[in-house]
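Asks: Respectively, the protein sequence lines represent chains V and A.
Take the first sequence: its position 449, counted from the start at 1, is 746 in the working numbering, and no numbers get skipped.
Take the second sequence: its position 259, counted from the start at 1, is 272 in the working numbering, and no numbers get skipped.
C-beta: ideal position from N, C-alpha, C; glycine also.
Predicted, not measured: the structure shown is a model, and the values here were computed from it.
Please see the structure below; I have some questions.
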Amino acid sequence: MQKEAAIREPLILGDKSYSQITEDVMAPIVGSPTMWWKVLITISGIIAAWGVGNILYLLGVGIGTWGLNKTVGWAWDITNFVWWVGIGHAGTLISAVLLLFRQKWRMAINRSAEAMTIFAVMMAALFPGIHMGRIWQAYWVFPLPNQFGSLWVNFNSPLLWDVFAISTYFSVSLVFWYIGLIPDFATIRDKVSGGWRKKLYTALSFGWSGRAKHWTRFEEVSLVLAGIATPLVFSVHSIVSMDFATAIIPGWHTTIFPPYFVSGAVFSGFAMVLTLLLIMRKAMGLEAYIHTKHVEYMNIVIIVTGSIVGVAYITELFISWYSGVEYESYAFINRATGPYWWSYAIMMTCNVISPQLFWFKKLRTSLMFTFIMSLIINLGMWYERYVIIVTSLHRDYLPSSWSEFHSTFVDLGIFVGTLGIFMTLFLLFARFFPVLALNELKTILKSSGENFKKADH
Amino acid sequence: MGVTKKYWTGLDELHGTEGYKESVQNEFTAETQAASEFLAEESLDETSTPRRDFLKFMGFSVTAATLAACEAPVIKSIPYINRPAEIVPGIANYYASTYYDGNDYGNILVKTREGRPIFIKPNKDFGEGGLNARINSSVISLYDEERLRGPQMGDAAKTWSQVDSAIAGELASASNIKILSSTIISPTAKKAVSEFAAKHNAELIQYDAVSYSGLKKANNGIIPKYDFSKARTIVSIAADFIGTWLTSNVFQTQYTKRRQPEGSWMSQHYQFETNMSLTGSNADYRALIKPSDEGKIAAAIYETLTGGTADTFEKAIQDNLDKAVAKLRENKDKGASLVVTGSNDSNVQKIVAEINKVLGNEGVTVDSSQGINFFQGDDTKVTNLVKEMNSGKVGALIVMGVNPAYSLANAEEFVSGLAKVKTSISLNKYADETGSKCKYMCPDNHFLESWNDFSPYEGRTDISQPAINKLWSTRPAQESLLKWADNDMSWYNYLRTNYNSSYSEATKHFDDSWNKAVMTGVWAGASMELSNNSGTESTSEGEETVSVNNISAALVAAKGAKTGDWEIKLYEKIGMGAGDHANNPFLQELPDPMTKVTWDNYITMAPSDMRELGIGDHIYLGQRTFAIKANVTVNGKTVNLPIMPQPGQASKTIGIAVGYGRGAGDELIGRAAYQTGEYGDYLNAGTDENAVRTPIGANVFGFVSSVAGDSVYSNIATLELTEEEYKIASTQMHSTVMGRDSIVKETVLAQFEKEKNKPKGMSTYNVMPGLVVHEDTNNDGVLDGRDKSHVRNFDLWEAHSVEQVGHRWGMSIDLGSCNGCSACVTACHIENNVPVVGKDEVHRHRDMHWMRIDRYYSSEIKSINDTETIEEKGLGVIGAYADMENPEDNPQTVHMPMMCQHCNHAPCETVCPVAATTHSNEGLNQMTYNRCIGTRYCANNCPYKVRRFNWFNYQAYKKFKHINVSQQEYGRMVLNPDVTVRSRGVMEKCSLCVQRIQSGKLEAKKASTPVPDGSIQTACAEACPANAITFGDLNDKKSVVTQLSADNRAYGALEEIGVQPNIYYQTIVRNTEA
């Protein structure tokens, strides 16, 4: 068995035993829902319904219900898309990359981070769909054999690459998440007594018996999937960034975009994980499993990725001046000083300046401060995409076509609606799925559990 | 023989049994009885439905109800039983005709498809001058559903015989009958009017909504004929001669002929004006003057030329004045200059007429001996008529093609007088402001349904012919007059007979001559004389030609013009003219060439004045920055309009366009003439059907002042700001080009002369966009940074093989010739079924124009490299960019037509995920609407921002029900059947009129020849009165467009980004010093 240095802070606090872990994780599933859960799901359900209503209105009347115009052809739609995809990065990074690096602290957070990823990617995938003028022809983006003659998709188009990247990422994440869930479903199956739950979890656990052979295969599959998922973490957002990087619009046409987008995605993904987990640990009594140490680790990732993002912003500014290209330099001057200077200021403050506060240990170990910071970063990263898309488009080459973008209630309604749908899905997950990878956690109980560490001394 | 075989249906028939005979008698057998009883409502109560039949009946009912619910499509097309020889479905027919509405005149070709007129283009072979936007978009007015559909007495619809007998009775007893008409230039109509006048002892009074009576008075009762193509120096004092002044469409063609730097000489144009007019925006030198200075400028020119002492003006004006006078002197006695003024003050016109005489222009650039037949209206007579009407002395008034209740300065007096006229008859096409107040409305045909003849000037007679049978029960106005003069001849026969009887050659040839005239639109025989004998009161002729003979009196009067703190200058807009086109959605949506505002009327004001008034935050208008409304009071009348910043407006002056505020009493003048709200309903209409609709803008004809009896379109005004904000829908919110010289290139004539023989891309004003290559391209023996190759030679991937293979369609646009008149914009709009989207959508920057004209004003800082000015202003880079957003107070203007550039390396094509936009093997960037899924990625990636997205279903969504012609039963007949009407959610853009290319190629194929250069014309190229647009095949070495694309002035907009556009622009050359 693996040994861990005693001075390392324990990852599982308190006097926990294997069965206690099981009970802690099982509590919300077998028990009746708490008041908080009911209130939250009602609110998020209403918001989700409002969002769906707005989407139906959009589909019924047309894209004109958004605030877009002849110059700014994308705004909140693609901003939301990139923002959600970015958020969807943390889950796979935590479960795949940290798995490969043998980071044990991921075990407490990977399940919910992955769930978040799945739901975020679902929200993200919604936007390229509904932003189409003719969504009823959306299947044309797939290279399907058809009866239209030799009609095929355009493999030059980054939007098509998006289709492949997102669908691959979604399916791999889903499979990875599900594989991890199987042993835990089996545990639940064994614990619940009769009724529909028994049947449901029996079906979901795919006949898992906990034999050594199963565990071996489980480990192998996890590693293989981690190997597949790791490049995807980098490819998805690189490809999303190419929607912009391969275009000729000043402010979009930038080779720095792929790494910059990936680090930005991890940055925002971790922020969203923190937002959700800090609520969840309180609401579901998981303080022993997700505590300051985990938060601190994540905050360190935030400093690193946030700093990369900051360097990228400054590099962009430098290159726009250094290139000597009039359009390029104007695009960045306009970003910072033009009509949308405020969104640039929000982006800079939230994404570059505020994460640097995490250099102070006191701040990065403060849960309240971290929670506020996570919200700030989420906001900042939304504005980053808004800045890139709207400020680049609204003043491009021909000054005659310079315009501005103002959102409508439908823009807002759909964005807020996706937050509602996302929260609804996450609450359902928290109620019916094991929110911690309990079987994995059990593997580190004896090496990283507080009581076992004390006992060793 | 004679034995016919007989067949029988059965043995019963053969034997003729009783049962058979009975069954023949009884059509409905017993079985069908039950159903018919069931269906017959009256007997339903009596029938008892037996229990056994219940299911049968129920089954029948359900099936019947279901079938009734499925409405079978009603197809209203009727096949030709005998097809008319000239109509081949799918092939267009063109009819030569003539447009005249009292203001505009043009020789037109009417395109009809399957009998429907759908497009109007210039009759280039036989006509004079081009067509403006007002004429080429007038085709839609034919289908206006609010046109009167038959005669009416008040609100009651009558038959023609009913109104004829009623009117005949009333006219017989009426005394002092007046006919108030727009200027009649039709010789035959004049004859018909005379016939009516003779019969009823009536007087014809001609009246023009926008008067030129001062000009006429100053030239001894003649409107002179001007020729701008012979003038080396043109001085215009507030005459918008290429936009709206006199026969502007003819002047425009003359003017642009001499604005080519390649020609033997190029004219130099000085403009002194208050508002920023289209003409002023094309001037080489432009000075800002107050309206009260118009006469003073004219006087100063006259006095300086004749050696007198002239007044001096502030420096900016004086400099231009000195230069202009020096140039006029240079061309003195050569007949090589022309001075015109748009003022209708007879004194100012007198001075200008004298200046032209002094300069020796008479007989060369000015012909005041013969003149033109337009605008013969006499303001004094109209004023007298209104007085007479109010005193109850007028027994009957016939209104013919004018709308005095709207367009008179004293319209209220006219209306009150009209109530006192016993018999008032309107021959207008609409129940408009005047017509609806008349007792009888006897609607005239639309001009596309009418025969006519016109004599624009002595020596020319044009013919107008109908292109469609009349849609409704209307009748030519002339026929109505003849009818009431007891002449039962149809108007067509009357017209034809008039020509036949006056035809001097042998009568047997008349048919040939007439047919030829109808074919060409021009009567080749002896021209018809336009009789000036307009009525019984021959003495009035003397009054009409009252002239100002005393130049010194004129000088005194002109110099003594009233001045005020705020002065107002009224003008006509390119789209609206004098207000006749308020119901035309294409013209309402046409961006004004200067302000780029659609669907609105406003106060133009200099930005510097706005800052002084404390409304500097309302200069850069956008979706959330609204205009401030102000009350303007003139002549005791007040209108409330928004303030639109207009660089180039003289300080302390304002401009307001006439022609707005039509239908203030909710008259039926057309569905598009009223304001609509965000969801398409009429504003203020609510749900109440009878509520008053809100007119667009405000009527400012009441602001017209009167000088010596003539209407003068300027006045002293008082201005009062309000707190109210107002949305203005402009298609362009940013006014300057930000020093981006790869978009617009310009130079001055002297520089051009020096470098005109250098190859393309080698001159200082047209620098080739190149990249440094490792190859000695400049042959100086050294490899260095000066060795460059054109950016077009660099490819990331293999280029489309369009060079020298088949056709490669392209275009050249001469920015020097283009003067921004926007005729191309409306032509494109109609040709390509581009949707009209209305004010709210334009305000959201979602106008759909495939072809637009970008208008740029110069800024004080010319570019970011203009370090001298930047240092002078003490600005950094950021400050300099911000400063460049502001136009100068008196800017130079560029009009740049912009449409899809059909790039060979099109950025839109690579990004479409479904390959809906692709490159054709003829160099066209083509849209496949059916394939488009509407991601808008292509539009984002278009550097020219020419792609237009269908945000809504414009053909059905309620927001567009009043303004979009395709939602109207008759309106949709104007749609071009060769062009797909795009559905919601797809992208569209300029196709270079691919439908015309295809049909042109087919024609060439049928003739087994290569496509002749110039045989295919896009709608914009064809419509351009300045010939600024040339379309052709770039693979045809000899084509005009190929030569133009390789010429010294040619460049591609934004060429340096490597998209390889197939549209070339020609550098602007200004005839200025620096």
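Closer than 7 Å, Cβ to Cβ, to anything on chain V: give me those residues from the region 800 to 822 of chain A, in chain order.
Replies: From the region 800 to 822 of chain A, no residue has a Cβ closer than 7 Å to chain V.
Asks: Does the distance from the C-beta atom of A/SER468 to that of A/ILE667 stay below 7 Å?
Replies: Taking the second sequence and counting its residues from 1, one reaches residue 468 of chain A at position 455. Taking the second sequence and counting its residues from 1, one reaches residue 667 of chain A at position 654. Against a cut-off of 7 Å, the Cβ pair of A/ILE667 and A/SER468 comes out as no contact.
Asks: So if I threshold CB-CB distances at 9 Å, which residues from the region 350 to 373 of chain V count as touching chain A?
Replies: Residues passing the 9 Å Cβ filter: VAL358, GLY359, ILE360, GLY361, THR362, TRP363, GLY364, LEU365, ASN366, LYS367, THR368, VAL369, GLY370 and TRP371.
Asks: Kindly list the residues whose CB is nearer than 8 Å to the CB of A/GLY555, restricted to its own chain and excluding five residues on each side of it in sequence; keep chain order.
Replies: Along the second sequence, read from residue 1 onward, the residue named residue 555 of chain A stands at position 542. With a pLDDT of only 39 at A/GLY555, under 50, the local geometry of the prediction cannot be trusted, and no value is derived from it.
Asks: Quick check on the DSSP output: what are the complete beta strand (DSSP E) runs of length 3 or more inside the region 366 to 399 of chain A, in order along the chain?
Replies: For the region 366 to 399 of chain A, whole beta strand (DSSP E) runs of length 3 or above, ordered along the chain, are 379 to 385.
Asks: Ignore the nearest five residues each way along the sequence and tell me which others in A/LYS270's own chain have a CB closer than 7 Å to its CB.
Replies: Here residue 270 of chain A refers to the residue found at position 257 of the second sequence. These residues qualify, in order along the chain: SER242.
Asks: Output yes or no for whether 7 Å exceeds the beta carbon distance between A/ASP445 and A/ALA490.
Replies: As a working note, residue 445 of chain A is residue 432 in the second sequence. As a working note, residue 490 of chain A is residue 477 in the second sequence. Against a cut-off of 7 Å, the Cβ pair of A/ALA490 and A/ASP445 comes out as no contact.
Asks: For the region 416 to 430 of chain V, enumerate the residues whose C-beta is nearer than 8 Å to any C-beta of chain A, in chain order.
Replies: Answer in chain order: PRO425, HIS428, MET429 and GLY430.
Asks: Rounded to the nearest angstrom, what separates V/THR368 and A/CYS831 at their Cα positions?
Replies: Along the first sequence, one-based indexing puts residue 368 of chain V at 71. Along the second sequence, one-based indexing puts residue 831 of chain A at 818. Straight-line Cα distance between these residues: approximately 25 Å.
Asks: Looking only at its own chain, which residues have a Cβ that is under 6 Å from the Cβ of A/ASN344, when we skip the five neighbours before and after it?
Replies: For the purposes of this step, residue 344 of chain A is taken as residue 331 along the second sequence, with counting starting at 1. Within the same chain, A/ASN344 has close Cβ partners ARG245, THR246 and SER350.
Asks: Within 10 angstroms of its Cβ, does V/ASP724 collect 16 or more other Cβ (buried), or is it exposed?
Replies: Taking the first residue of the first sequence as 1, we reach residue 724 of chain V at position 427. The residue asked about is misnamed: residue 724 of chain V is Leu in this sequence, not Asp. V/LEU724 is buried by the Cβ-count criterion.
Asks: In angstroms, rounded to a whole number, what distance separates the CA positions of A/ASP827 and A/LEU1057?
Replies: One-based indexing of the second sequence puts residue 827 of chain A at position 814. One-based indexing of the second sequence puts residue 1057 of chain A at position 1044. Whole-angstrom Cα-Cα distance: 9 Å.
Asks: Using the three-state DSSP reduction, which class does A/ASN653 fall into: helix, strand or coil?
Replies: By one-based count along the second sequence, residue 653 of chain A stands at place 640. Looking at A/ASN653 - three-state DSSP - the assignment turns out to be strand.
Asks: Using a Cβ-Cβ cut-off of 8 Å (strictly less than) and excluding sequence neighbours within five positions of A/GLU183, which residues of its own chain qualify?
Replies: On the second sequence, position 170 is the one that residue 183 of chain A refers to. Result list for A/GLU183: ALA409, LYS435 and THR436, in chain order.
Asks: Could I get the ranges of all uninterrupted beta strand (DSSP E) runs contained in the region 74 to 139 of chain A, with 3 residues as the minimum, in chain order?
Replies: If we require 3 residues or more, the beta strand (DSSP E) runs fully inside the region 74 to 139 of chain A come out as 105 to 113, 118 to 126 and 129 to 135.
Asks: So what does DSSP say about A/LYS483, is it helix, strand or coil?
Replies: Locating residue 483 of chain A in the second sequence gives position 470, counting from the first residue. It is coil, neither helix nor strand.
Asks: Compare the Cα-Cα distances from A/PRO1074 to each of A/ARG821, A/ILE843 and A/PRO904 and report the closest residue.
Replies: Numbered from its first residue, the second sequence carries residue 1074 of chain A at position 1061. When only C-alpha atoms are compared, the closest one is A/ARG821.
Asks: What does DSSP give as the partner residues of A/TYR470 in its beta bridges?
Replies: Within the second sequence, residue 470 of chain A is the residue found at index 457, counting from 1. A/ILE385 and A/ARG473, per the DSSP bridge assignment.
Asks: Spell out the partners DSSP gives A/GLY932 in its beta bridges.
Replies: Taking the first residue of the second sequence as 1, we reach residue 932 of chain A at position 919. This sequence places His at residue 932 of chain A; Gly is not what is there. A/ASN938.
Asks: Just the Cα atoms here: how many angstroms apart are A/HIS862 and A/MET912?
Replies: For the purposes of this step, residue 862 of chain A is identified with residue 849 of the second sequence, where counting begins at 1. For the purposes of this step, residue 912 of chain A is identified with residue 899 of the second sequence, where counting begins at 1. Cα-Cα distance, rounded: 9 Å.
Asks: Are there three or more Cβ pairs, one per stretch, closer than 8 Å when the region 327 to 346 of chain A is compared with the region 221 to 236 of chain A?
Replies: Touching, no, given that fewer than three Cβ pairs across the two stretches are closer than 8 Å.
Asks: Between which two residues does the beta strand (DSSP E) harbouring A/VAL785 extend?
Replies: As a first step, residue 785 of chain A is located in the second sequence; it is residue number 772 there, counting from the start. Looking at the DSSP string, the run of the beta strand (DSSP E) that includes A/VAL785 is 783 to 785.
Asks: Excluding the five sequence neighbours on either side, which residues of its own chain have a C-beta within less than 7 Å of the C-beta of A/ASN423, listed in chain order?
Replies: Counting from one through the second sequence, the residue named residue 423 of chain A turns up at place 410. Excluding residues within five positions, the ones whose Cβ falls inside 7 Å are VAL399.
Asks: Assuming the contact rule is C-beta atoms closer than 8 Å, A/LEU421 and A/LYS450 should be a hit. Round their C-beta distance to whole Å, please.
Replies: Start at 1 with the first residue of the second sequence, and residue 421 of chain A comes out as number 408. Start at 1 with the first residue of the second sequence, and residue 450 of chain A comes out as number 437. About 13 Å separates the two Cβ atoms, so there is no contact after all.
Asks: To the nearest angstrom, how far is the alpha carbon of A/ALA969 from that of A/ASP306?
Replies: Counted from its first residue, the second sequence places residue 969 of chain A at position 956. Counted from its first residue, the second sequence places residue 306 of chain A at position 293. Cα to Cα, A/ALA969 sits roughly 52 Å from A/ASP306.
Asks: Is V/TRP437 close to chain A? Criterion is C-beta to C-beta, closer than 7 Å.
Replies: Your numbering for residue 437 of chain V matches position 140 in the first sequence. Yes, V/TRP437 counts as interfacial toward chain A.
Asks: Measuring CA to CA, which of A/PRO772, A/LEU809, A/HIS915 and A/ARG805 is closest to A/ALA1059?
Replies: Here residue 1059 of chain A is taken as the residue at index 1046 of the second sequence, counted from 1. For the residues A/PRO772, A/LEU809, A/HIS915 and A/ARG805, the minimum Cα distance to A/ALA1059 belongs to A/PRO772.
Asks: Which residues bound the beta strand (DSSP E) around A/ASP853?
Replies: To locate residue 853 of chain A, count along the second sequence from 1; it is residue 840. Here A/ASP853 belongs to no beta strand (DSSP E); instead the alpha helix (DSSP H) covers 851 to 856.
Asks: Expressed to the nearest angstrom, what Euclidean distance is found between the alpha-carbon atoms of A/ASN528 and A/LEU122?
Replies: As a first step, residue 528 of chain A is located in the second sequence; it is residue number 515 there, counting from the start. As a first step, residue 122 of chain A is located in the second sequence; it is residue number 109 there, counting from the start. Rounded to the nearest angstrom, the two C-alpha atoms are 16 Å apart.
Asks: What first and last residue would you give for the alpha helix (DSSP H) that runs through V/PHE473?
Replies: Start at 1 with the first residue of the first sequence, and residue 473 of chain V comes out as number 176. Taken as a continuous stretch (DSSP letters only), the alpha helix (DSSP H) holding V/PHE473 covers 455 to 488.
Asks: Could you tell me which uninterrupted alpha helix (DSSP H) segments, each at least 4 residues in length, are contained entirely in the region 300 to 347 of chain A, listed from first to last along the chain?
Replies: Correct list: 307 to 318 and 328 to 343.
Asks: Which two residues bound the contiguous alpha helix (DSSP H) that contains A/ASP445?
Replies: The count along the second sequence starts at 1 and reaches residue 445 of chain A at position 432. No alpha helix (DSSP H) contains A/ASP445, which DSSP labels as neither H nor E.
Asks: Along chain A, which residues have their Cβ under 8 Å away from the Cβ of V/ALA542?
Replies: Here residue 542 of chain V corresponds to residue number 245 of the first sequence, with the count starting at 1. Going along chain A, no residue has its Cβ under 8 Å from V/ALA542, so there is no contact; the nearest lies around 12 Å.
Asks: Under 8 Å by Cβ, that's how I've got A/GLY143 and A/ASN262 pegged, so tell me the actual separation to the nearest angstrom.
Replies: Residue numbering aside, residue 143 of chain A sits at position 130 when the second sequence is read from its first letter. Residue numbering aside, residue 262 of chain A sits at position 249 when the second sequence is read from its first letter. The Cβ separation is near 5 Å, so the contact holds.
Asks: Can you tell me whether A/GLN980 is buried or exposed? The criterion is at least 16 other CB atoms within 10 Å of its CB, across all chains shown.
Replies: Taking the second sequence and counting its residues from 1, the one referred to as residue 980 of chain A is at position 967. By the neighbour-count rule (16 or more Cβ atoms within 10 Å), A/GLN980 is buried.
Asks: Reducing DSSP to helix, strand and coil, say where A/GLN1056 ends up.
Replies: As a working mapping, residue 1056 of chain A is identified with position 1043 in the second sequence. In this structure, A/GLN1056 counts as helix in the three-state DSSP scheme.
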